[in-house]
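Engineer:
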Amino acid sequence: MSLKLVTALTIDLDDTLWPVGPTLAAAEVALAAWLRQNAPATAAGVGEHGMLVLRAQVAAERPDWAHDLTAVRLETIRRALRRHGDDPSLAEPAFEAFFEVRHQVTPYADVRPALARLAHRFRIVALSNGNAQIHRVGLGEFFAGAVSARAHGAAKPQASIFHAACESVGAPPARVLHLGDDPLRDVDGALAAGLQAAWVMRGDCAYADAPPREQAHRFSDLLEAASALGC
1038 MSLKLVTALT IDLDDTLWPV GPTLAAAEVA LAAWLRQNAP ATAAGVGEHG
1088 MLVLRAQVAA ERPDWAHDLT AVRLETIRRA LRRHGDDPSL AEPAFEAFFE
1138 VRHQVTPYAD VRPALARLAH RFRIVALSNG NAQIHRVGLG EFFAGAVSAR
1188 AHGAAKPQAS IFHAACESVG APPARVLHLG DDPLRDVDGA LAAGLQAAWV
1238 MRGDCAYADA PPREQAHRFS DLLEAASALG C
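Each residue of the sequence shown is one higher than the one before, counting from 1038 in this note's numbering.
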């Protein structure tokens, strides 16, 4: 379908607007520092990789939380505290120490100028399986709304979350273009839900070896997408 028919956009966040790996690593460091200061027994007992192992256990035990990364992390911290004799009520402030740094993202260089161009013409909805909040990372001015997997109750590639984003801006799915880096969750999910899809394949894209999606548009960054959309 022609991009000329697009009237609204949905855009993925992590690894589409910013590299999420360094941000999460810094957030884990902040959590560890908070635990050393406020729950030293847990900090000493959980070790360097213990939280990762425990989080995998929580995720395996609670598949109903697959769409809610905040719930999984909170329960992971709570179990770690309880296991090592610290107060489990410390889980909430410990998570906030993590969450504060999780929002200290560094957008790709093209993101802010591209969003400014796109937002001048289209209503844009942030559509993410993660728990980053678009206003908290400092990009909220460009977005008409946000739909998260946690708030919606289901994650990409489920069609319902795409449809919720379309409904939030009053646009039929066929007139909405979704942009994201993940070929399965973003591209295949959007196409199956009746949206148009754009695969944002940056130079460091983790999915560079994935089979091409012939029905999807393909861009190297958001500036290229903005130009293709006539912005």
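Backbone N, C-alpha and C fix where the C-beta goes; we use that ideal spot for every residue, glycine too.
For threonine 1047, name the three-state secondary structure that DSSP assigns.
Structural biologist: Threonine 1047 falls in the strand class under three-state DSSP.
Engineer: Mind checking glutamine 1195: buried by the 16 CB within 10 Å criterion, or exposed?
Structural biologist: Buried is the call here.
Engineer: Report the CB separation of isoleucine 1114 from phenylalanine 1132 in whole angstroms; it is logged as a contact under 8 Å.
Structural biologist: Confirmed, Cβ separation roughly 6 Å.
Engineer: Would alanine 1183 and isoleucine 1171 be called neighbours here (beta carbons separated by less than 7 Å)?
Structural biologist: Contact: yes.
Engineer: Measuring straight from C-alpha to C-alpha, what distance separates lysine 1193 and aspartate 1123?
Structural biologist: If I take the Cα positions, the gap works out to 36 Å.
Engineer: How far does the alpha helix (DSSP H) with phenylalanine 1199 in it extend, from its first residue to its last?
Structural biologist: First-last of the alpha helix (DSSP H) with phenylalanine 1199: 1196 to 1205.
Engineer: Identify whether phenylalanine 1256 lies in helix, strand or coil by the three-state DSSP scheme.
Structural biologist: In this structure, phenylalanine 1256 counts as strand in the three-state DSSP scheme.
Engineer: Does DSSP put leucine 1061 in a helix, a strand or coil?
Structural biologist: Note: leucine 1061 maps to helix in three-state DSSP.
Engineer: At the level of alpha carbons, what is the spacing between tryptophan 1102 and valine 1109?
Structural biologist: Computed Cα separation, rounded: 7 Å.
Engineer: Do histidine 1121 and threonine 1079 have their CB atoms nearer than 7 Å?
Structural biologist: Contact flag set, yes.
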